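Residue numbers (UniProt numbering): 1 to 90.
All residues carry an ideal CB built from backbone N, CA and C; glycine is no exception.
All of these numbers come straight from a predicted model, not from anything done at the bench.
Below: one structure, written as structure tokens.
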């Protein structure tokens, strides 16, 4: 699409591959979904990539204590409560 090409070609003339961040996610190996983000500079795309990888591979978060997981579950339950402070079950 020429309009999209002109839009992502703005800024410094880095290659489009250097300015693009692609995220792949799926619940199985068959139905994979891709999300593409285009930045105006390659440095911005690298910064996005570094920050996403820090979130994805944060070993301290993956190896949290049991108390932390219970606090997260408790917070989710509190946020899902309705006006009468009852938790919906399905």
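Any C-beta of chain D under 7 Å from that of residue i
| i | result |
| --- | --- |
| residue 2 | Absent here is chain D; the protein component of the structure consists of one chain. |
Cut-off 6 Å between Cβ atoms - residues of its own chain near residue i, not counting five sequence neighbours on either side
| i | result |
| --- | --- |
| residue 81 | 87 |
Beta-ladder partner(s) of residue i, from DSSP
| i | result |
| --- | --- |
| residue 21 | 37 |
Rounded C-alpha distance that separates residue i from residue j
| i | j | result |
| --- | --- | --- |
| residue 32 | residue 24 | 7 Å |
| residue 67 | residue 40 | 42 Å |
| residue 2 | residue 14 | 17 Å |
| residue 75 | residue 89 | 16 Å |
| residue 58 | residue 69 | 15 Å |
| residue 16 | residue 64 | 38 Å |
| residue 42 | residue 72 | 36 Å |
| residue 52 | residue 30 | 23 Å |
Proximity of residue i and residue j at Cβ, strictly below 7 Å
| i | j | result |
| --- | --- | --- |
| residue 49 | residue 34 | no |
Residues near residue i by beta carbon distance below 8 Å, same chain, minus five either side
| i | result |
| --- | --- |
| residue 84 | none |
| residue 77 | 87 |
Span of the alpha helix (DSSP H), counted from its first residue to its last, around residue i
| i | result |
| --- | --- |
| residue 43 | 42-56 |
| residue 66 | 66-80 |
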